[in-house]
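Each step along the sequence shown adds one to the number in my numbering, with nothing skipped, and position 52 is 52.
Idealized CB from N, CA, C, for every residue including glycine.
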Amino acid sequence: MFWKKFFLYILSLLKNIFRFSFYISTTLLLLSYFASYLHPASFILLPLLSLMFPVLLFLNILWIIFFSITLQYKKLLIALALQIFFFPDIKKFYNISFSENVSHSENTLSVMSFNVKLFDLYNWQNNSDTRKKILDYLKSQPADIMCFQEFYTSEDSNDFNNIEELKKIFHNYYFHAEYFVTLRKNDHWGLLTMSKFPIVKQSVMHFNNAKNNGCIFTDILFNKDTIRVFNLHLQSYSLYKKKKWKPNQKPDTASFFESLDSSAKGLNLLEKLYHNNILKVQQAESILEILKSSNYPILLIGDFNDIAHSYIMRIIQQNKLKDAFTEKGNGLGITYHDKIFLRIDYIFHSPDFKTLDFVTENNSQTQHISDHYPIRALFELKK
Numbered sequence: 001m002f003w004k005k006f007f008l009y010i011l012s013l014l015k016n017i018f019r020f021s022f023y024i025s026t027t028l029l030l031l032s033y034f035a036s037y038l039h040p041a042s043f044i045l046l047p048l049l050s051l052m053f054p055v056l057l058f059l060n061i062l063w064i065i066f067f068s069i070t071l072q073y074k075k076l077l078i079a080l081a082l083q084i085f086f087f088p089d090i091k092k093f094y095n096i097s098f099s100e101n102v103s104h105s106e107n108t109l110s111v112m113s114f115n116v117k118l119f120d121l122y123n124w125q126n127n128s129d130t131r132k133k134i135l136d137y138l139k140s141q142p143a144d145i146m147c148f149q150e151f152y153t154s155e156d157s158n159d160f161n162n163i164e165e166l167k168k169i170f171h172n173y174y175f176h177a178e179y180f181v182t183l184r185k186n187d188h189w190g191l192l193t194m195s196k197f198p199i200v201k202q203s204v205m206h207f208n209n210a211k212n213n214g215c216i217f218t219d220i221l222f223n224k225d226t227i228r229v230f231n232l233h234l235q236s237y238s239l240y241k242k243k244k245w246k247p248n249q250k251p252d253t254a255s256f257f258e259s260l261d262s263s264a265k266g267l268n269l270l271e272k273l274y275h276n277n278i279l280k281v282q283q284a285e286s287i288l289e290i291l292k293s294s295n296y297p298i299l300l301i302g303d304f305n306d307i308a309h310s311y312i313m314r315i316i317q318q319n320k321l322k323d324a325f326t327e328k329g330n331g332l333g334i335t336y337h338d339k340i341f342l343r344i345d346y347i348f349h350s351p352d353f354k355t356l357d358f359v360t361e362n363n364s365q366t367q368h369i370s371d372h373y374p375i376r377a378l379f380e381l382k383k
């Protein structure tokens with residue numbers, strides 16, 4: 001008798017939990033949506049709530065299916081109303097578009113962004129051919145403008161001189177490289193922008209809150225017009241460290257990690273999200289201040305380390321910059337694929353450009369050469 005009552009009690013409890021779970025998830029969905037309107041420094045839970053938005057949005061679709069099957073019309077109407085309200089946000093995570101039948105010409109500009117993960121300096125991929133595969137990929141799939149994050153090069157004769165290797169392959173390109181960390185005088189970590197068109201001015205922004213992140217902006221002469229290309233790498237979530245390099249690779253020395261940002265060391269998961277989001281917003285705001293003062297057509301490109309539904313993306317949109325993925329991309333558009341799957345790499349542009357095509361290059365050639373997929377866009381500069 002006792003076990004029967006106990007079983008019925010547990011069953012009733014689970015029913016009540018399930019009954020209210022829809023209202024709980026709906027409340028969280030609304031909170032996560034409006035979290036992107038508030039500066040992350042306002043409340044420690046805001047970054048976590050913002051990250052939950054795409055998951056809760058997908059959960060709402062499952063509720064719609066469930067209520068349709070079980071004929072729960074009141075809850076179905078609520079779930080449908082929410083989905084209609086959030087419909088414009090869905091394309092930030094899953095998009096369907098129809099590209100125009102265009103080909104690359106002298107009037108179009110092809111652009112690529114790629115976090116090359118230091119050309120697999122520490123053999124994270126456990127494959128000694130990874131660097132060669134990256135170079136082969138770039139050689140076979142060049143773009144007019146190529147922006148690289150987590151770029152590494154060295155003048156050491158026994159190391160990877162990636163700058164010289166790229167100059168051999170792309171001997172007719174112009175190079176703008178800036179380094180944010182240099183060790184042993186010869187080894188450099190930073191950003192690289194390559195252009196098929198002449199570079200007329202180079203500038204760099206060092207963030208005062210992180211040593212291994214930054215932004216470079218490059219003025220490029222394209223068909224008698226000057227365009228400004230921002231190549232950036234913002235603060236990461238830093239939720240875990242990758243320490244998979246082998247003994248014959250460069251040592252995991254204290255000086256290396258001291259040179260990198262370690263301000264979030266010792267914090268728990270929630271504190272890391274909160275702390276690193278504040279750093280990231282500060283970095284984005286400093287870039288946008290420079291961007292506002294520019295009279296040139298703008299391309300804002302790079303590894304933003306943030307999802308499409310966030311405070312940073314909202315302030316970027318307030319500066320009338322458009323996301324090329326939401327205009328001409330297809331599918332989920334995931335760019336980061338190590339343990340978690342997120343779209344955190346972007347190509348934004350000012351209204352001076354028309355997006356003709358956008359591709360996230362997730363294929364056999366790019367699957368295992370980095371923890372990021374390259375992204376590409378084709379633009380036409382409006383007259």
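Out of the options, point me to the one whose CA is closest to residue i's CA.
i    : options                   : result
P297 : F358, N319, V229 and N213 : V229
K383 : F22, H337, I227 and R314  : I227
W147 : S140, L291, L80 and T218  : Checking the sequence shown, residue 147 turns out to be Cys, not Trp. Checking every option, the nearest Cα to that of C147 belongs to T218.
K167 : K211, Q367, L234 and K196 : K196
Y52  : A79, F34 and S42          : Just to set this straight, residue 52 is Met in the shown sequence, not Tyr. Residue F34 is the option with its Cα nearest to M52.
L221 : G214, A210 and Q202       : Q202
I216 : Y179, N223 and D225       : Y179
L234 : Y73, T193, Q149 and E361  : Q149
K320 : S350, P198, K224 and I96  : S350
A143 : P54, N172, F160 and S50   : N172
I96  : D371, K328, A210 and V200 : K328
K224 : D371, I69 and I199        : I199
E285 : I61, F160, M205 and N161  : M205
P88  : R184, P54, N362 and G214  : P54
L30  : A210, F86, R19 and L62    : F86
N363 : Q141, R184, R19 and I61   : Q141
If I'm right that residue i touches residue j with Cβ under 8 Å, what's the distance once you round it to whole angstroms?
i    : j    : result
I152 : L118 : The question names Ile, but residue 152 is Tyr in the sequence shown. Contact holds; Cβ gap of about 4 Å.
N305 : K339 : The Cβ separation is near 15 Å, so there is no contact.
R314 : Y37  : 7 Å
I369 : K139 : No, I369 and K139 are not in contact; Cβ-Cβ is about 13 Å, not under 8 Å.
Y373 : T355 : About 18 Å; that fails the 8 Å criterion.
R343 : I312 : With 8 Å as the limit, R343 and I312 do not qualify as a contact, their Cβ atoms being about 13 Å apart.
Q83  : I69  : Rounded, the Cβ-Cβ distance is 16 Å, inconsistent with contact.
Q365 : Y137 : 5 Å
N161 : E380 : In fact, because the Cβ distance is near 36 Å, the residues do not count as touching under 8 Å.
Do residue j and residue i count as a contact pair if the criterion is CB distance below 8 Å?
i    : j    : result
D352 : L378 : no
L300 : F348 : yes
K91  : H309 : no
Q283 : F207 : yes
W189 : N158 : no
L28  : L57  : no
S25  : L71  : no
D323 : T335 : no
G394 : F325 : There is simply no residue 394 to check, as the chain begins at 1 and stops at 383 in what is shown.
N186 : E165 : no
I278 : P40  : yes
G302 : S113 : yes
S21  : S50  : no
I145 : V181 : no
For residue i, which residues from the same chain have a beta carbon less than 8 Å from its beta carbon, with the 5 sequence-adjacent residues on both sides left out?
i    : result
L270 : I44, L45 and L48
I17  : none
I163 : T153, F175, A177 and L192
S262 : Low local confidence applies: a pLDDT of 45 at S262 is under 50, so the model's placement there is unreliable, with the coordinate-based value given in what follows. Answer for S262: no residue qualifies.
G214 : E178, F180, G190, L191, V204, M205, H206, F207, L232 and H233
D371 : N115, K117, W124, Y336, H337 and D338
F257 : Bear in mind that a pLDDT of 39 at F257, under 50, signals an unreliable position, so the model cannot answer this.
Short of 6 Å in beta carbon distance, which residues of its chain neighbour residue i, apart from the five on each side in sequence? Order them along the chain.
i    : result
S236 : N305
P251 : With a pLDDT of only 37 at P251, under the threshold of 50, the placement of this residue in the model should not be trusted; the figure read from the coordinates follows. Excluding sequence neighbours, P251 sits near nothing in its chain.
T130 : D120 and I369
V102 : L356
P247 : Bear in mind that a pLDDT of 35 at P247, under 50, signals an unreliable position, so the model cannot answer this.
Tell me which residues share the same chain as residue i and place their Cβ nearer than 7 Å to its Cβ, disregarding the 5 neighbours each side in the sequence.
i    : result
F67  : K75, L76 and A79
A264 : Only weak support exists for where A264 lies, its pLDDT of 49 falling under 50; the value from the coordinates is given anyway. Within the same chain, A264 has close Cβ partners S238, K272, H275 and N276.
A254 : Model confidence at A254 stands at a pLDDT of 45, short of 50, so the residue's coordinates are unreliable and nothing is read from them.
Q317 : none
K292 : N319
S294 : R228
P23  : According to the sequence displayed, residue 23 carries Tyr and not Pro. Correct list: empty, nothing qualifies.
For the ligand MG, is there any heavy atom lying closer than 7 Å to the beta carbon of residue i?
i    : result
L342 : With respect to the ligand MG, the structure shown offers nothing to examine, as it has no ligands at all.
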